[in-house]
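Remarks on the structure that follows.
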Amino acid sequence: MKEQTENVVIQSEHPESSPPTGFQVIMREFKKDKLAMFSLIALVVVIVGIFIWSLLIDQQEMMRVSLRDKFAEPGDKFLLGADQGGRDILGQLIIGARNSIAIAMAVTLLTGVVGIMIGLTTGYFGGWIDNIFMRIIDFFITIPSLMIIIVFVTIVPKYNIPIFILIVSVFLWPGTARLIRSKALSESRRDYINASKTMGTSDAAIIFKKMMPNLSSILIVELTLNFAGNVGIETGLSFLGFGLPPSTPSLGTLVSYAVNPLVLKEMWWVWLPASLLILFLMLGINYVGQAIRRSADAKQRLG
Amino acid sequence: MWKTIIRRILLMIPQLLALSLLIFIMAKFMPGDPFTGMVTPDTDPARIEELRQQAGFYDPWYKQYGIWMMNAVQGDFGKSYTYKVAVADLIGDRALNTLWLALVSVFLLYVIAIPLGVLAGRYQNTFLDKTVVLYSFISYAIPVFVLSLIFLYIFGYKLQWFPTSGTVDIKYDNGSLGYIWSKFYHLLLPAITYAILGTTGVIQYLRTEVIDAKSQDYVRTARSKGIPLNKVYSRHIFRNSLLPIAAFLGFTITGLLGGSIFIETIFSYPGMGQLFIQSISGRDYSVITALVMLYGFLTLLGSLLSDIIMSIVDPRIRID
């Protein structure tokens, strides 16, 4: 507490020399990079729009099979046509996108929290804790995780969305943990950490109150790029038929209809909108992530 | 350096053992067993039980694991229940197809990425550079199954430049020139898709490397000696930047393996990835376990290869 008040005093005495805060740097970066700015705005608009729109859709009504409308073309009844069960594509697109985004967010948060905790702890303490976790992380990184997730998904008896999130997360935290560990390792050798140690600050306080804020820009970059990756993983697995449970609309499932050559050739409205939406999400999130990455690394900054 | 390599190889053994144990436990949890599929209304349940006894289905798990491991080390992964042939033979054919696909993909990847990376670095911040950076960015962000489908749609169906499935036309005799050409022609579109998806790393690396090299002393020396700019690029900068990208080979192998499941499914290409998905749907456990083991082994091999090349090429990384 005492340190914080001191900091405030120092800053108010020299307001003109205080470095810009992380947030200001990020804002400046976005102002310089029009494409990133556009991506950010478009992403927010689309994601919020999808979540609001999805509230207005009666999912059960929409997923009712009506064979008379099988592969109905885009028109008055269905704005974007219908699939082989005569179900509205537009509705599935909205609900599917909401599901994909929500799942990707959940996986990102879960793997983020686990990865950051483990990475910070092992990086800070080093020694045998670090050794044990590094062996575990090495193991996870070298296994064919996509295949093992697929096997897991097929052998789990009660399969639903939370279980799916859990299975995927088990295999995705090691990447984040390894990155954070390497950063924490170099950070923990710095003088300010040693100073805190000699002052008797507890390890937990040093890790979370001192080290974590200094790594926050790397954390944000990692989480953003993970989010994009997780959208890809969820839609990819759903595409193969091992993602969301059947009858739950998903972007990946819509794209997977195109494995049927007839659908791919003749019925573009079934798979193309979902493909383009996935592409938009991936590009947008990655662009935003790159802009934040540049603001985290002074050498790469544009602004 | 030999010490590092040997240590890395020795480290692979516990990793493979841990992977095999994980796979074995998963296989035990898979619903049903190989004999469930044989049950028809007129089979005798007692006969099925007898078969299960014989196959060691009721043995304790560690005994079953031991037997499975011993056989696996000798290359015997049991018999495929769907195809009724030895798993090793089944995978052998498919692995060869995947290998060819991988070879052509890696070749195309470097053919596309090396000139783009060098040119982008040389003409930094020009329109060309920005286009290349944008291209590499899109290829990084686009999911493999989306690009595969779009390519299949445009080049396979709409333009009809490429065949849309299989490995070879049936009209050719095995071994004839037409047969080989047809085989190559069939894997070209999936390979191009792969190559485009994998270029990002190499392009980015080469670009930064060339930009760095431009301000290095050896380049300035060469220029001041009156060597033409083109020659400086082809002789000095290019050669210095080229070797490290060989290290990407390992990562590329790993990436190719993950993507093969999607690409082979979409292009109906009978490789290991497609076999994996088919085995999952058919609950062909012995094939599944063998394939996951094989992929795990290849992934380890890929990262080992990267490390070895890195340590040969870049002495700074050489630890021992």
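Protein chains in written order, with this note's numbering: chain A, 60 to 362; chain B, 745 to 1064.
Glycine included, C-beta positions come from ideal geometry on N, C-alpha and C.
Asked                                                                                                                            : Found
Secondary structure of B/K823, DSSP reduced to three states                                                                      : strand
Test: A/A296 CB closer than 7 Å to a CB of chain B                                                                               : Reading off the sequence, residue 296 of chain A comes out as Leu, not Ala. It does not; no Cβ of chain B falls within 7 Å.
Amino acids of chain A, ordered along the chain, whose beta-carbon sits closer than 8 Å to that of B/I882                        : L342
Straight-line Cα distance separating A/I214 from B/M770                                                                          : 8 Å
7 Å Cβ cutoff, A/T213 in contact with chain B                                                                                    : yes
Min CB distance A/S309 to chain B below 7 Å                                                                                      : no
Within-7 Å CB hit, B/L761 to chain D                                                                                             : Within the model displayed, chain D is absent; protein chains A and B are what it includes.
Inter-residue spacing [alpha-carbon to alpha-carbon] between B/V877 and B/N974                                                   : 22 Å
Minimum Cβ-Cβ distance from A/V210 to chain B less than 7 Å                                                                      : yes
B/S909 burial status per 10 Å Cβ neighbour count (16 or more: buried)                                                            : exposed
Min CB distance A/P221 to chain B below 7 Å                                                                                      : no
C-beta neighbour in chain A for B/T1043, strict 7 Å                                                                              : yes
Start-to-end residues for the alpha helix (DSSP H) that takes in A/T312                                                          : 310 to 315
Chain A contacts made by the region 892 to 907 of chain B, where a contact means CB separation under 9 Å                         : L893, I894, L896, Y897, G900, Y901, K902
Chain-ordered neighbours of A/G291 on chain B, where CB pairs are closer than 8 Å                                                : P887
Listed by chain order, chain B residues near A/N9 by CB distance under 8 Å                                                       : Not covered by the structure: residue 9 of chain A. The range shown for chain A is 60 to 362.
Residue closest to A/A156, alpha-carbon to alpha-carbon, out of A/P320, A/S241, A/G234, A/T294                                   : A/T294
C-alpha gap between A/L331 and B/I898, whole angstroms                                                                           : 12 Å
Contact set between the region 997 to 1011 of chain B and chain A, restricted to residues whose Cβ is under 8 Å from the partner : L1001, G1002, I1005, F1006, T1009, I1010
Inter-residue Cα distance where the pair is B/G865 and A/D92                                                                     : 21 Å
Local Cβ density within 10 Å of A/P74, reported as buried at 16 or more and exposed below that                                   : Low per-residue confidence applies at A/P74: pLDDT is 49, beneath 50, and the placement is therefore not dependable, though the value from the model is reported in the following sentence. The residue is exposed, with fewer than 16 neighbouring Cβ atoms inside 10 Å.
Proximal residues to B/V888 (C-beta, below 7 Å), its chain only, five neighbours per side dropped                                : L941, G1003, F1006, I1007
Classification of A/W232 by the beta-carbon crowding that lies within 10 angstroms, buried from 16 upward                        : buried
Within chain A, the residues that B/I1032 reaches when beta carbons sit closer than 7 Å                                          : V210
Euclidean distance between Cα positions of B/I858 and B/L761                                                                     : 38 Å
Beta strand (DSSP E) runs contained entirely in the region 916 to 941 of chain B, provided each spans 3 or more residues         : none
A/M270 classed as buried or exposed, judged by whether at least 16 other C-beta atoms fall within 10 angstroms                   : buried
One or two residues paired with A/D147 in a DSSP bridge                                                                          : A/A141
Per-residue DSSP class, three states only, for B/A830                                                                            : strand
Simplified DSSP state of B/W805, which is helix, strand or coil                                                                  : helix
Per-residue DSSP class, three states only, for A/Q349                                                                            : helix
Below-7 Å beta-carbon distance, B/G922 vs any chain A residue                                                                    : no
For B/L1048 and B/I753, the rounded distance between their alpha carbons                                                         : 8 Å
Residues near A/I154 in its chain [Cβ-Cβ closer than 7 Å; skip 5 each side]                                                      : S113, I116, Q118, P308
Close-in-space but distant-in-sequence residues of the same chain around B/D1051 (CB under 7 Å, 5 per side omitted)              : R752
Coarse secondary structure for A/M341, derived from DSSP in three states                                                         : helix
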